[in-house]
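J.: In our numbering, the protein residues as written are 404 to 606.
The C-beta atom is built at its ideal place from N, Cα and C for all residues, glycine as well.
Given the structure is predicted, the values throughout are model-derived calculations rather than measurements.
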């Protein structure tokens, strides 16, 4: 095969790889900006954080709803993929669950304002919510099962009720510097712990 043929094949692949990297950079930057400035933050702020031109963002995401939806999908995937990684790398299943819940709270903060950004596009919002549950509930279930099997938490906690409870604790975070949902989420997790048998008294 000629060198010219190799070069022709590699350049499109290189461009596609660059485009994917640009998209991932934009989505990560948008997620960070949404956390601190809300989903109505100026696109130029996101472009500056990502180090790209505004035209690059509009080329991939023509509307704000397109960008918000893409960020939402990006965060769902990151949260879903983190579950198995945390189980493999954490000191215990409970520590893996705690680490995943921390990421889940970050995700919920990013999610704030999604419905407003999509406005009347109720079908898209419903589809995203369904994807959210389908993707994350099995991950949460696996973490809970592992912690139960290790004897670290009580059995019977359902992934939906845990995720719903954490979501409810995150409501009202914005605009109130006195409220930190992570403190209550940690108390919730501690409430799942199985009571430890008292140490035998020294004779």
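Residue 566: buried (16+ other C-beta within 10 angstroms of its C-beta) or exposed?
T.: So residue 566 ends up on the buried side.
J.: Can you tell me the Cβ-Cβ gap for residue 460 and residue 450, rounded? I've got them flagged as a contact below 8 Å.
T.: Between residue 450 and residue 460 the Cβ distance is about 6 Å, and since that is below 8 Å, they are a contact.
J.: Once the 5 residues before and after residue 538 are set aside, which same chain residues still bring their CB inside 7 Å of it?
T.: So the qualifying residues of the chain are 479 and 483.
J.: Note down, in chain order, each residue of its chain lying with its Cβ closer than 8 Å to the Cβ of residue 540, except the 5 sequence neighbours on either side.
T.: Cβ within range, chain order: 562, 563 and 566.
J.: Per the contact definition of three or more C-beta pairs closer than 8 Å, is the stretch 462-480 in contact with the stretch 524-532?
T.: Touching, yes.
J.: Please look up how many angstroms separate the CB atoms of residue 597 and residue 568, rounded, as I've assumed it's under 8 Å.
T.: Contact doesn't hold; Cβ gap of about 18 Å is too wide.
J.: According to DSSP, is residue 567 helix, strand or coil?
T.: Helix at residue 567.
J.: In or out: residue 472 buried (at least 16 other Cβ within 10 Å) or exposed?
T.: It counts as buried.
J.: Shortest alpha-carbon distance to residue 502 belongs to which of 488, 512 and 513?
T.: Nearest C-alpha to residue 502: 488.
J.: Over the uninterrupted alpha helix (DSSP H) stretch that includes residue 509, give me the two end residues.
T.: Here the alpha helix (DSSP H) through residue 509 covers 496-514.
J.: With a 10 Å radius around its C-beta and 16 neighbouring C-beta atoms as the bar for buried, classify residue 420 as buried or exposed.
T.: The residue is exposed, with fewer than 16 neighbouring Cβ atoms inside 10 Å.
J.: Can you give the Cα-Cα distance for residue 496 and residue 543, rounded to whole angstroms?
T.: So the alpha carbons of these two residues sit roughly 12 Å apart.
J.: I need the DSSP call for residue 581, collapsed to helix, strand or coil.
T.: In the structure shown, residue 581 sits in coil (DSSP, three-state: anything other than H, G, I, E or B).
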